[in-house]
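Structure first, then comments.
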Amino acid sequence: MADTRRVVLDVLKPHDPPLLRFTDGIAEAESVTGATGTLVELDEDVQNVSVTVEGENLDFQAVEAAIEDLGGTVHSVDQVASGDHVVERRRTPQDR
Amino acid sequence: MADTRRVVLDVLKPHDPPLLRFTDGIAEAESVTGATGTLVELDEDVQNVSVTVEGENLDFQAVEAAIEDLGGTVHSVDQVASGDHVVERRRTPQDR
Amino acid sequence: MADTRRVVLDVLKPHDPPLLRFTDGIAEAESVTGATGTLVELDEDVQNVSVTVEGENLDFQAVEAAIEDLGGTVHSVDQVASGDHVVERRRTPQDR
Amino acid sequence: MADTRRVVLDVLKPHDPPLLRFTDGIAEAESVTGATGTLVELDEDVQNVSVTVEGENLDFQAVEAAIEDLGGTVHSVDQVASGDHVVERRRTPQDR
Amino acid sequence: MADTRRVVLDVLKPHDPPLLRFTDGIAEAESVTGATGTLVELDEDVQNVSVTVEGENLDFQAVEAAIEDLGGTVHSVDQVASGDHVVERRRTPQDR
Amino acid sequence: MADTRRVVLDVLKPHDPPLLRFTDGIAEAESVTGATGTLVELDEDVQNVSVTVEGENLDFQAVEAAIEDLGGTVHSVDQVASGDHVVERRRTPQDR
Amino acid sequence: MADTRRVVLDVLKPHDPPLLRFTDGIAEAESVTGATGTLVELDEDVQNVSVTVEGENLDFQAVEAAIEDLGGTVHSVDQVASGDHVVERRRTPQDR
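So the sequences go chain by chain: U, F, A, E, C, G and D. If you're matching positions, the first sequence starts at 2 in my numbering and goes up one per residue. If you're matching positions, the second sequence starts at 2 in my numbering and goes up one per residue. If you're matching positions, the third sequence starts at 2 in my numbering and goes up one per residue. If you're matching positions, the fourth sequence starts at 2 in my numbering and goes up one per residue. If you're matching positions, the fifth sequence starts at 2 in my numbering and goes up one per residue. If you're matching positions, the sixth sequence starts at 2 in my numbering and goes up one per residue. If you're matching positions, the seventh sequence starts at 2 in my numbering and goes up one per residue.
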């Protein structure tokens with residue numbers, strides 16, 4: 002299969018562990034070279050976090066396992082970039 | 002014919018295979034150097050995904066076959082860049 | 002005359018040939034180094050496509066002939082860049 | 002006098018000659034290194050075109066003569082950049 | 002654990018020490034290479050400040066301790082970038 | 002005193018001399034390396050022009066004298082950049 | 002303490018000295034390498050000016066003294082960047 006180079010995830014997590022430990026834990030997962038977690042929304046019990054993960058050849062199962070080990074769940078995979086290089090998404094008039 | 006270097010596709014796909022495997026599969030197609038799949042909309046049965054594909058000389062039939070083998074259909078081809086280099090689309094006042 | 006280096010065209014085309022073959026055909030025209038076709042609007046019979054064409058010294062008649070051979074018509078020429086280099090359009094407060 | 006390096010013109014022209022020949026003609030004028038003509042508005046008789054012209058030391062009279070030889074008229078000069086280098090306009094809160 | 006490289010914090014602080022001394026104090030904390038404090042809102046007693054902190058391997062406890070020593074409290078951690086390099090957050094249509 | 006490197010001026014001028022000669026005249030003033038004049042508004046008698054002037058060490062009195070010699074008046078000085086280098090203005094949430 | 006590298010100030014000043022002399026005077030202050038003053042609002046008696054000041058190791062007291070010597074007052078300090086390098090503020094969804 003082609004190399005997965007970037008994924009953007011919509012993640013739900015409890016308040017604990019906090020975002021810093023949570024993001025560090027994802028960045029620590031096998032095949033990940035960097036991860037950024039961004040708080041999007043929160044209520045009393047749960048945080049909605051947007052996570053962007055990069056690597057040369059991402060092992061998504063390792064990423065997902067790391068997220069679940071940290072108490073989170075991947076609610077949806079919103080973007081995936083695969084191949085020899087990262088292709089940026091192009092918008093067109095049909096997007097609106 | 003001139004080389005096709007980038008295409009932006011509006012694709013419908015079932016929930017399975019998920020976006021990651023779907024995008025990897027497109028990136029794996031003959032002539033493709035990179036692909037990015039972006040979730041645009043989803044309902045119970047189907048996902049609407051915007052796919053940007055790049056290559057030096059894209060074989061669109063191979064791309065379309067890969068999408069169909071993965072259970073998807075190309076709903077429309079929204080942008081195509083062809084030639085010796087990629088030309089970026091220019092907007093003018095006539096666009097609005 | 003000065004060299005024509007970029008033109009932005011508002012083109013009407015039938016659904017067939019599809020955008021990919023249509024854009025490749027324009028990129029193949031004499032004097033063209035690259036072309037990008039973008040789907041703007043479509044109804045049952047016709048597609049409205051914005052086409053940006055670049056070359057060192059574009060032969061517009063060859064471009065227009067290619068479009069017509071492919072069943073399309075140039076509805077309007079919306080921007081032209083000519084000379085020794087491409088000048089980007091500058092907007093001013095008078096534009097609004 | 003200082004060198005004029007860029008002018009942005011609001012031009013009215015008849016439909017004929019078309020924008021391509023019109024822009025090429027301006028780019029051909031003495032002292033011009035590049036010109037871009039952009040269709041802004043059109044009615045039955047006339048086209049309103051925004052023209053950006055660049056050169057090391059523009060001879061505006063040659064530019065205006067070229068426009069008039071092509072049947073156009075300079076409706077207004079909307080921006081001028083002069084001197085040893087092109088200064089980009091800076092916007093401030095006083096602009097609104 | 003992976004290296005924490007950037008954190009964006011929502012901080013509440015009293016009016017004293019003022020923003021300059023407050024930001025300098027954070028930048029002085031162990032492991033921090035740079036910090037920027039931006040006043041977002043203020044009322045009679047408290048200032049709401051957005052703080053962006055960067056380092057090769059941030060010691061968040063040292064950052065938080067510095068903030069608390071300066072009389073502030075971290076109201077929330079809004080973004081964290083971890084790993085071998087900083088990954089920029091990518092937005093998708095699912096964000097809206 | 003520190004070197005003045007860029008000023009943005011709100012200028013009123015009669016229709017004559019036209020913007021091109023007016024901007025060239027400012028660019029010609031002692032200490033000016035480049036000037037850009039942009040038409041903002043006009044009525045029957047007067048034009049409101051935004052002028053951005055750059056130099057290594059601007060002599061504002063020479064700039065103002067040039068503007069007045071050309072029949073214009075400096076209505077307000079809207080931005081000034083001084084020092085060893087040009088500092089770009091930073092916006093913050095307090096600006097709105 | 003860490004080096005202060007950039008501050009954004011909301012300043013009130015009388016009409017005299019004018020913005021040019023005012024900004025030059027700030028840029029002349031000890032430790033300042035550049036300053037930009039931008040007119041934000043004005044009424045009959047006072048001008049509200051946004052001032053961005055940069056230096057390798059800013060002496061804020063010298064900056065404030067310069068502003069006060071020129072008749073102005075620092076109404077608020079809206080942004081401060083400190084450390085070995087300037088960190089740009091990052092916005093997150095929590096900002097809105």
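Think of the CB as a built atom: it goes at the ideal place given N, C-alpha and C, for glycine as much as any other residue. From a predicted model like this one, the values you see are computed outputs, not experimental measurements.
Query                                                                                                           : Result
Neighbouring residues, chain U, relative to P94(D) (Cβ below 9 Å)                                               : T39, L40, V41, E42, S51
Closest Cα partner of R92(G) within the set S77(D), S51(D), M2(D)                                               : S51(D)
Rounded separation between G38(F) and A36(U) - CA only                                                          : 19 Å
9 Å Cβ cutoff met for S32(E) and E57(E)                                                                         : yes
Proximity test, Cβ basis, 9 Å: G26(U) and chain C                                                               : yes
Per-residue burial, A66(U) [other beta carbons within 10 Å of its own, 16 or more giving buried]                : exposed
Chain D contact for R22(G) (CB, 9 Å cutoff)                                                                     : no
Other residues of its chain near E29(F): CB distance less than 8 Å, five sequence neighbours each side excluded : A67
G26(G) - containing alpha helix (DSSP H), residue span                                                          : 20-29
Identity of the residues DSSP links to G35(E) by a beta bridge                                                  : G84(A), E55(E)
Inter-residue spacing [alpha-carbon to alpha-carbon] between V8(G) and H76(D)                                   : 24 Å
Proximal residues of chain G, C-beta to C-beta of S34(D) below 9 Å                                              : Strictly speaking, residue 34(D) in this sequence is Thr, with Ser absent from that position. Neighbours of T34(D) on chain G, chain order: G84, D85, H86, V88.
Proximity winner among E89(U), D44(U), V78(U), D85(U), relative to L21(F) (alpha-carbon distances)              : V78(U)
CB contact check: R7(F) to chain U, cutoff 9 Å                                                                  : yes
Nearest residue (CA-CA) to V41(C), options R6(C), L59(C), D11(C), V88(C)                                        : D11(C)
Host alpha helix (DSSP H) of D70(G) (start-end)                                                                 : 61-70
Anticipated Cβ contact below 8 Å, V47(D) with L13(D), distance rounded                                          : 5 Å
Rounded separation between T34(E) and R90(A) - CA only                                                          : 14 Å
Nearest-angstrom beta carbon gap, T24(G) and V81(G) [assumed within contact, 8 Å]                               : Not a contact, Cβ separation roughly 19 Å.
Through-space distance from D44(G) to E55(E), alpha-carbon basis                                                : 28 Å
Same chain, Cβ closer than 6 Å to T53(E), five either side skipped, listed in chain order                       : V9, T37
9 Å Cβ cutoff, V12(A) in contact with chain F                                                                   : no
Option nearest H86(D) by Cα separation, candidates D17(D), I27(D), L59(D)                                       : L59(D)
CB of A3(F) within 9 Å of CB of G26(A), strictly                                                                : yes
Through-space distance from G73(A) to D17(A), alpha-carbon basis                                                : 10 Å
Cutoff 9 Å: V54(F) Cβ touching any chain A Cβ                                                                   : no
Paired residues, beta bridge with T74(F) - DSSP                                                                 : L13(F)
C-beta neighbour in chain F for P19(A), strict 9 Å                                                              : yes
Interface partners of D60(C) on chain U, CB under 9 Å                                                           : Neighbours of D60(C) on chain U: none; closest Cβ ~11 Å, over 9 Å.
DSSP-derived helix/strand/coil call for D79(G)                                                                  : strand
CB contact flag (D96(G), P15(E), <9 Å)                                                                          : no
Short CB-CB distance (under 9 Å) between A3(F) and chain A                                                      : yes
Close beta carbons around V88(C), own chain, < 7 Å, minus the five adjacent residues each side                  : A82
CB contact check: A47(E) to chain G, cutoff 9 Å                                                                 : Correcting the residue identity first, residue 47(E) is Val in this sequence and not Ala. For V47(E), the answer is no, since every Cβ of chain G falls outside 9 Å of its Cβ.
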